[in-house]
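Protein chains: 4
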Amino acid sequence: MFYKRTVQYYETDKMGVVHHSNYIRWFEEARTYYMKNNGVDYNTVEKECGVMMPVIAVDCRYKQGAVYNEEVSIETEVSFFNGIKLVFNYKVYNSEKTLLVDGSSTHCFVDMSFKPVRLKKTNPDLYSRLNLLLKEDA
Amino acid sequence: MFYKRTVQYYETDKMGVVHHSNYIRWFEEARTYYMKNNGVDYNTVEKECGVMMPVIAVDCRYKQGAVYNEEVSIETEVSFFNGIKLVFNYKVYNSEKTLLVDGSSTHCFVDMSFKPVRLKKTNPDLYSRLNLLLKEDA
Amino acid sequence: MFYKRTVQYYETDKMGVVHHSNYIRWFEEARTYYMKNNGVDYNTVEKECGVMMPVIAVDCRYKQGAVYNEEVSIETEVSFFNGIKLVFNYKVYNSEKTLLVDGSSTHCFVDMSFKPVRLKKTNPDLYSRLNLLLKEDA
Amino acid sequence: MFYKRTVQYYETDKMGVVHHSNYIRWFEEARTYYMKNNGVDYNTVEKECGVMMPVIAVDCRYKQGAVYNEEVSIETEVSFFNGIKLVFNYKVYNSEKTLLVDGSSTHCFVDMSFKPVRLKKTNPDLYSRLNLLLKEDA
């Protein structure tokens, strides 16, 4: 499952490549796209399930800088899920399939008052759908 | 009333100067600083008065690009206020007092449900304090 | 010529809608897309013609906030061009064709040392291709 | 060595707290401030030494979200340096000294053509000054 997007001018910095903070934003774009295309629209998770998935950790390794105007492809996978914690892995490639960046984001689950929830108990349907992501990829 | 800040690396783009969208964010920083130092903390406006000041227009003219690591000074003035609409003017200078950018932002007043309010009627105290900004500068 | 994109979480602010500075960035995305699809790839302009098009003015009027996850469409037109100055107009719509934001950006033309150039003389081919944009839309 | 700054509106997202990508940018602000105040102005490193310090990895753990308008303090330390690689650690606190976020960034050293350099050999003076940061903190 690849998410594609074009590098924008405002994402570059004076080094001439994409500023390292922007890949963390691309991870979010890729994660949202991946979830929506696998039956778990994040907007619906917030609006209908009343659950938010705040990021509790990210890490990112930069191998080569993406440059202005190139199309990058981001691969997203779920590497861990237990109803309390969810981990996504990302790989960013350029059009020649060179790996530019890889990283991960770890999420917990809270209600709209930021109180932690155990999905298996509070939102069993959402739990099942997220669990399918894990089964497919891990 | 000058707000000072240092140009960050992540604000530059591959042209080697600050990306034009960032000055709009600096206007916000300068406006917040100006208001706080003139008796109208914007955070309090939202939290205690229940009023938000969404931006309904901005304009910006770029004369010279700010460069990485330089300290810029932003002057803020209120040029119009009638309880329904509020206009701020901004001037961004570098350390040699060269004018880099000038612009303005226009704001309306809404309650937390985005319903327009007439401050003179709904929030007379806030109206008075904002009116002082106009009297001082215009 | 519409450019479409989905509103990202990182583009919203605590007011629950897209932060006003981000529309300026969307204008850039839409302009780049419009140019590329009308025979003037901006990346090529910089790399092959040695010409940059810095923004010398922007203005933006906000009618309604874009919200997380919705798809917006941005219409771009060229309203002025004379080889020294170029003006783009933008209209941002949501999926129900409601106009959310309109604005414009004004550009000049400089060489890689930021020295102004008169395209008609220095880059007649680029001049002709940009002039076609004007003829098509204005 | 603490770097202080106020949380801006444009840094929040619809969750009502600072978007997680922005802490990576704060790390950069804190690192630049720390270096400048310890005798190694990064701007000078690029301009006079001809050396850039691209980020090759970041990681970040989010414990509590920073909120609009609060003042945060960021502590920076150097935990590793050998002339080829440099690691900074960061801790972000709110005004009540609660730890909100911690993380690190790893940098390499390259010349203006992105070719890796060994500072001890190519820039012994810069090597010595950076080594002092390590001695002070690690």
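Protein chains in written order, with the numbering used here: chain A, 1485 to 1622; chain B, 1485 to 1622; chain C, 1485 to 1622; chain D, 1485 to 1622. C-beta: ideal position from N, C-alpha, C; glycine also.
(1) Could you give the first and the last residue of the continuous alpha helix (DSSP H) run that contains L1512 (chain A)?
(2) Under the rule that 16 or more other beta-carbon atoms within 10 Å means buried, what is R1515 (chain C), buried or exposed?
(3) Counting only beta-carbon separations shorter than 8 Å, does S1597 (chain D) have a partner in chain C?
(4) Thinking just about the alpha-carbon of each residue, which of B:F1564, B:S1579, B:P1600 and B:V1601 is nearest to the one in F1486 (chain B)?
(5) Provide the residue(s) that pair with G1587 (chain D) in DSSP beta bridges, ordered along the chain.
(6) Chain C partners of C1544 (chain B), CB-CB under 8 Å?
(7) Return no unless some Cβ of chain A is closer than 8 Å to the Cβ of I1558 (chain D).
(8) Could you give the DSSP three-state label for D1497 (chain C): helix, strand or coil?
(9) What residue from B:F1565, B:V1529 and B:V1571 has the CA that sits closest to Y1552 (chain D)'s CA?
(10) Considering only their Cβ atoms, is the gap separating G1567 (chain D) from R1602 (chain D) smaller than 8 Å?
(11) Since I believe V1576 (chain D) is in contact with V1562 (chain D) (beta carbons under 8 Å), could you give me their beta-carbon distance rounded to a whole number of angstroms?
(12) Starting from the C-beta of L1583 (chain B), find all residues in its chain whose C-beta is less than 7 Å away, skip the five residues before and the five after it, and write them out in chain order.
(13) Is there a Cβ of chain C sitting closer than 8 Å to that of M1519 (chain B), yes or no?
(14) Can you tell me the Cα-Cα spacing of P1608 (chain A) and D1595 (chain A), whole angstroms?
(15) Which residues, taken in chain order from the segment 1485 to 1503 of chain B, show a beta carbon closer than 9 Å to some beta carbon of chain A?
(16) Interface residues of chain A around S1505 (chain B) at Cβ under 8 Å?
(17) Just to make sure I have the definition right: I need the residues of chain A whose C-beta is within less than 9 Å of the C-beta of P1538 (chain D). Which are they?
(18) Helix, strand or coil for K1605 (chain A), going by three-state DSSP, please let me know.
(19) Should N1521 (chain A) go down as buried or exposed, given a rule of 16 or more other Cβ atoms within 10 Å for buried?
(20) Which stretch, first to last residue, makes up the alpha helix (DSSP H) that contains K1488 (chain B)?
(21) Taking the Cβ atom as the reference point for each residue, do S1589 (chain D) and V1535 (chain D) lie within a distance shorter than 8 Å?
(22) Please name the residue or residues paired with M1536 (chain B) in a DSSP beta bridge.
(23) Output yes if chain D places a C-beta closer than 8 Å to the C-beta of N1607 (chain B); else output no.
(24) With 16 as the cutoff for other CB atoms within 10 Å, does S1612 (chain D) come out buried or exposed?
(25) Is DSSP giving K1531 (chain D) helix, strand or coil here?
(26) Report yes if the C-beta distance between F1565 (chain C) and L1610 (chain C) is below 8 Å; otherwise report no.
(27) Could you tell me if E1495 (chain D) is buried or exposed, where buried requires 16 or more neighbouring beta carbons within 10 angstroms of its beta carbon?
(28) What do you reckon, are the CB atoms on Y1493 (chain D) and E1532 (chain B) nearer than 8 Å?
(29) How should K1599 (chain A) be labelled, buried or exposed, when 16 other C-beta atoms within 10 angstroms of its C-beta is the threshold for buried?
(30) Whose Cβ in chain E lies nearer than 7 Å to the Cβ of N1522 (chain A)?
(31) Inspect the beta-carbon positions of C1544 (chain B) and A1541 (chain C) and report whether they are closer than 8 Å.
(32) Using a beta-carbon distance below 8 Å, is Y1508 (chain B) in contact with chain C?
(33) May I ask whether a heavy atom of the ligand FAD can be found less than 7 Å away from the beta carbon of S1612 (chain C)?
(34) Please return the same chain residues whose Cβ sits closer than 8 Å to the Cβ of G1503 (chain A), not counting the five positions on each side in sequence.
(35) Expressed to the nearest angstrom, what Euclidean distance is found between the alpha-carbon atoms of L1466 (chain B) and Y1507 (chain B)?
Short version:
(1) Numbered from its first residue, the first sequence carries residue 1512 (chain A) at position 28. The residue asked about is misnamed: residue 1512 (chain A) is Glu in this sequence, not Leu. Segment H1504 to K1520, the alpha helix (DSSP H) holding E1512 (chain A).
(2) As a working note, residue 1515 (chain C) is residue 31 in the third sequence. Around the beta carbon of R1515 (chain C), 16 or more other beta carbons sit within 10 angstroms, so the residue counts as buried.
(3) Residue mapping note: residue 1597 (chain D) aligns to position 113 of the fourth sequence, counting from 1. Not closer than 8 Å to any Cβ of chain C, the Cβ of S1597 (chain D) fails to qualify, so no.
(4) Here residue 1486 (chain B) is taken as the residue at index 2 of the second sequence, counted from 1. Among B:F1564, B:S1579, B:P1600 and B:V1601, the Cα nearest to that of F1486 (chain B) is on B:S1579.
(5) The residue labelled residue 1587 (chain D) in the question sits at position 103 within the fourth sequence. Beta-bridge pairing links G1587 (chain D) to D:C1544 and D:Y1574.
(6) In the second sequence, the residue the question calls residue 1544 (chain B) occupies position 60. Correct list: A1541, V1542 and D1543.
(7) Counting from 1 along the fourth sequence, the entry for residue 1558 (chain D) is found at position 74. Not closer than 8 Å to any Cβ of chain A, the Cβ of I1558 (chain D) fails to qualify, so no.
(8) Residue mapping note: residue 1497 (chain C) aligns to position 13 of the third sequence, counting from 1. D1497 (chain C): coil per DSSP, three-state reduction.
(9) The residue given as residue 1552 (chain D) occupies position 68 in the fourth sequence. Nearest of B:F1565, B:V1529 and B:V1571 to Y1552 (chain D), Cα basis: B:V1529.
(10) Here the question's residue 1602 (chain D) lines up with position 118 in the fourth sequence. Here the question's residue 1567 (chain D) lines up with position 83 in the fourth sequence. Result yes, Cβ atoms of R1602 (chain D) and G1567 (chain D) sit closer than 8 Å.
(11) Locating residue 1562 (chain D) in the fourth sequence gives position 78, counting from the first residue. Locating residue 1576 (chain D) in the fourth sequence gives position 92, counting from the first residue. About 17 Å separates the two Cβ atoms, so there is no contact after all.
(12) For the purposes of this step, residue 1583 (chain B) is taken as residue 99 along the second sequence, with counting starting at 1. The residues are K1547, K1575 and Y1577.
(13) Within the second sequence, numbered from 1, the residue matching residue 1519 (chain B) stands at position 35. M1519 (chain B) is outside the set of residues whose beta carbon lies under 8 Å from a beta carbon in chain C.
(14) Taking the first sequence and counting its residues from 1, the one referred to as residue 1608 (chain A) is at position 124. Taking the first sequence and counting its residues from 1, the one referred to as residue 1595 (chain A) is at position 111. Rounded to whole angstroms, P1608 (chain A) to D1595 (chain A) spans 14 Å at the Cα level.
(15) Listed by position, the residues of the segment 1485 to 1503 of chain B near chain A (Cβ gap below 9 Å) are Y1493, Y1494, E1495, T1496, D1497, K1498, M1499, G1500, V1501 and H1503.
(16) Here residue 1505 (chain B) refers to the residue found at position 21 of the second sequence. Going along chain A in sequence order, the residues near S1505 (chain B) (Cβ under 8 Å) are Y1494.
(17) For this step, residue 1538 (chain D) is matched to residue 54 along the fourth sequence. M1499, V1501, H1504, Y1546 and G1549, listed in chain order.
(18) The sequence position of residue 1605 (chain A) within the first sequence is 121, counting from 1. Residue state, collapsed to three classes: helix.
(19) Residue numbering aside, residue 1521 (chain A) sits at position 37 when the first sequence is read from its first letter. With fewer than 16 other Cβ atoms within 10 Å, it is exposed.
(20) Residue mapping note: residue 1488 (chain B) aligns to position 4 of the second sequence, counting from 1. Here K1488 (chain B) belongs to no alpha helix (DSSP H); instead the beta strand (DSSP E) covers F1486 to T1490.
(21) If you number the fourth sequence from 1, residue 1589 (chain D) lands on position 105. If you number the fourth sequence from 1, residue 1535 (chain D) lands on position 51. Against a cut-off of 8 Å, the Cβ pair of V1535 (chain D) and S1589 (chain D) comes out as no contact.
(22) By 1-based counting over the second sequence, the position of residue 1536 (chain B) is 52. In the DSSP output, where bridge partners are listed per residue, M1536 (chain B) has B:V1594.
(23) Taking the second sequence and counting its residues from 1, the one referred to as residue 1607 (chain B) is at position 123. False, the Cβ-Cβ gap to chain D never drops below 8 Å.
(24) Translated into the one-based positions of the fourth sequence, residue 1612 (chain D) becomes position 128. Counting every other CB atom within 10 Å of its CB across the protein chains shown gives S1612 (chain D) a total below 16, marking it as exposed.
(25) Your numbering for residue 1531 (chain D) matches position 47 in the fourth sequence. If DSSP states are grouped into helix, strand and coil, K1531 (chain D) belongs with the helices.
(26) Within the third sequence, the letter at position 81 stands for residue 1565 (chain C). Within the third sequence, the letter at position 126 stands for residue 1610 (chain C). Cβ distance not < 8 Å, so F1565 (chain C) and L1610 (chain C) don't count as in contact.
(27) Translated into positions along the fourth sequence, residue 1495 (chain D) becomes position 11. It is buried - the Cβ of E1495 (chain D) has at least 16 other Cβ atoms within 10 Å.
(28) To locate residue 1493 (chain D), count along the fourth sequence from 1; it is residue 9. To locate residue 1532 (chain B), count along the second sequence from 1; it is residue 48. Their beta carbons are not under 8 Å apart, which means Y1493 (chain D) does not touch E1532 (chain B) by this criterion.
(29) Taking the first sequence and counting its residues from 1, the one referred to as residue 1599 (chain A) is at position 115. Exposed is the call here.
(30) The displayed structure is made up of protein chains A, B, C and D, and chain E is not among them.
(31) Translated into positions along the second sequence, residue 1544 (chain B) becomes position 60. Translated into positions along the third sequence, residue 1541 (chain C) becomes position 57. For C1544 (chain B) and A1541 (chain C), yes; Cβs fall inside 8 Å.
(32) For the purposes of this step, residue 1508 (chain B) is taken as residue 24 along the second sequence, with counting starting at 1. Note that residue 1508 (chain B) is Ile in the sequence shown here, rather than Tyr. Taking Cβ atoms only, chain C reaches closer than 8 Å to I1508 (chain B), which makes this a yes.
(33) This structure simply doesn't include the ligand FAD, nor any ligand for that matter.
(34) Against the first sequence, residue 1503 (chain A) aligns to sequence position 19. The sequence as given places His at residue 1503 (chain A); Gly does not occur at that position. E1495, T1496 and D1497, listed in sequence order.
(35) Nothing can be reported for residue 1466 (chain B): it is not among the residues displayed for chain B, which extend from 1485 to 1622.
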